[in-house]
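Position one of the sequence shown corresponds to residue 515 (my numbering), numbered consecutively onward.
Each residue gets a CB set at the ideal place from its N, CA and C atoms; glycine is no exception.
Model, not experiment: these values are computed from the prediction.
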Amino acid sequence: MSEAMSEAMRAERKLRVLVVAESFLPQVNGVTNSVRRVLEHLAAEGHHAELVAPTGPDTYAGFRVRRARGANLPFYPDFRLGLETRRRLRQRMLQFRPDVVHIASPATLGYQAARAAGELGIPTVAIYQTDLVGFAERYDVPGGVRAAAGLTRRIHQQVDRTLAPSTASIEQLRDLGVPEVYRWGRGVDLVAFHPRHRDEELRRRIAPDGRLLVGYVGRLAAEKELDLLTHLADDPRYALVVVGGGPEEQRLRGLLGGRATFLGLLHGDDLSRAYASLDVFVHTGRYETYCQSAQEALAAGVPVVAPAAGGPVDVVAHGASGLLYRPGDGADLAAAVDRLARDPLVRSRMAATGVRAVQERSWYAINEQLVAHYRAVLGVRVSARAA
């Protein structure tokens with residue numbers, strides 16, 4: 515059999531993929547959302563998969579969900595940390611017989627999964643999605659920054675390939691000495707997030723006086739630096755909107771008082787309408803490895819104001835689809851929003867540019883890239899065995 519024919523057969527073969535995720539339903543966050551999209555894509559394309567996660571339903575997208583042992587973090591009670599043993603993960607891999615192990619946002623559970631797969635000679639692809647070092651910095655965990663850097667390095671040095679969502683993440687990992695880092699972004703649902711979902715009734719309910727709707731959508735957690743919203747709350751031109759839930763919700767409600775409308779955790783059509791009804795989308799956290807919410811806002815036809823750090827640098831084209839401000843600088847954030855507030859033509863131009871920018875980022879296209887990465891590491895292992 516020729517080498518070309520052998521390669522074509524490998525490309526057509528359906529894969530068996532074990533996905534190990536640090537987070538899954540009922541938690542709603544970037545890790546959960548991307549894992550859901552991956553599983554849905556694998557199911558639609560006829561691949562076989564199984565999920566190991568600390569939480570979740572019995573099945574998802576027709577695939578079995580195996581719940582790993584875990585514990586809640588004392589300073590982040592609604593996040594469950596995976597504490598499964600390497601022996602049990604190795605047993606799971608032997609039973610499922612995956613071609614590749616996909617490790618989503620690896621931390622404690624992902625570390626053990628990478629070691630178990632390595633012992634069994636199974637190819638691994640790790641998705642870098644959570645900045646553990648930034649997380650430790652923000653929560654001021656004693657010795658946490660050094661420990662997070664060490665854990666990140668150990669995990670990603672032992673997998674076959676790491677996929678990072680942004681140039682900033684790639685640079686961070688390379689500075690830690692991680693080899694084999696490739697860029698893999700995040701897809702966006704171009705049907706759910708679209709300007710046609712703009713809801714004038716919702717806008718009137720929030721701001722009957724016609725003020726501009728300036729809003730944030732995402733987790734309400736300390737690492738998101740949401741205190742910066744206070745720099746916008748007192749401007750009489752804006753109706754501040756906050757969508758999401760999390761451990762900081764009650765504190766943030768008290769901080770903003772009656773100066774913001776909290777819509778809570780939204781899904782489906784409600785979330786689509788909330789995004790598209792904004793005039794300006796604001797993101798505050800500097801520790802985003804990608805910033806999916808900014809991408810969803812662009813798809814919904816809303817210009818984005820975000821910190822010039824991490825993922826937003828790739829997602830938001832400064833001066834074209836939004837504005838980037840100095841991270842942590844509330845005055846610079848307010849100045850950027852002010853620039854958009856004063857010029858509706860600029861907002862309209864940026865909105866149109868943002869919609870065009872995301873058209874090639876469908877989840878199908880992004881996940882086909884992922885499957886190509888699976889096949890690449892599998893091909894390397896097969897070639898190595900043959901040699």
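In terms of Cα proximity to R751, the closest of D723, Q764, L740 is D723.
In the displayed model, A706 falls within coil according to three-state DSSP, outside both helix and strand. V647 is positioned such that its CB atom lies closer than 8 Å to that of T666. Checking the DSSP bridge columns, you'll see A535 partnered with A618.
The alpha-carbon separation between V794 and A865 amounts to approximately 9 Å. The count of Cβ pairs closer than 8 Å, one atom from the segment 830-839 and one from the segment 652-671, stays below three, leaving the stretches out of contact. Contact between V851 and L746 holds, with the beta-carbon distance rounding to 6 Å and staying under 8 Å. Following the DSSP letters along the chain, one finds H745 in no beta strand (DSSP E) but inside the alpha helix (DSSP H) bounded by residues 744-747. H832 is bridged by DSSP to G836. In the three-state reduction of the DSSP assignment, L780 falls in the coil class.
For the options D741, L792, D784, S786, the alpha carbon positioned closest to that of R767 is the one of D741. Between V796 and L777, the C-beta spacing is not below 8 Å. If you look at I641, you'll find it in the beta strand (DSSP E) that goes 638-641. When the alpha-carbon of V885 is set against those of A558, D748, V545, the nearest one is in A558. The beta carbon of A631 sits closer than 6 Å to those of V615, T638, all from its chain and outside the five residues before and after it, given in chain order. If you look at G868, you'll find it in the alpha helix (DSSP H) that goes 858-871.
Classified as buried, Y642 has 16 or more neighbouring CB atoms from the shown chains inside 10 Å of its CB. By alpha-carbon distance to A563, the top candidate from G893, Y888, V894 is Y888.
For a cut-off of 8 Å, the C-beta gap from A788 to V731 is around 7 Å, short enough to register as a contact. Boundaries of the beta strand (DSSP E) harbouring Y696: 695-697, taken from the DSSP string. Straight-line spacing of the CA atoms in T803 and V533 works out to 20 Å. Here the alpha carbons of N881 and D572 stand approximately 23 Å from one another. Counting every other CB atom within 10 Å of its CB across the protein chains shown gives Y878 a total below 16, marking it as exposed. The beta carbons of P620 and A640 sit about 5 Å from each other, so the pair counts as a contact at 8 Å. For G729, the uninterrupted beta strand (DSSP E) segment begins and ends at 726-731. The segment 674-692 makes no contact with the segment 708-726: fewer than 3 CB pairs, one atom from each, lie closer than 8 Å.
Inclusion of G842 and R800 in the CB contact set at 8 Å is warranted, their separation being smaller than that value.
L854 and L677 have their C-alpha atoms some 34 Å from each other.
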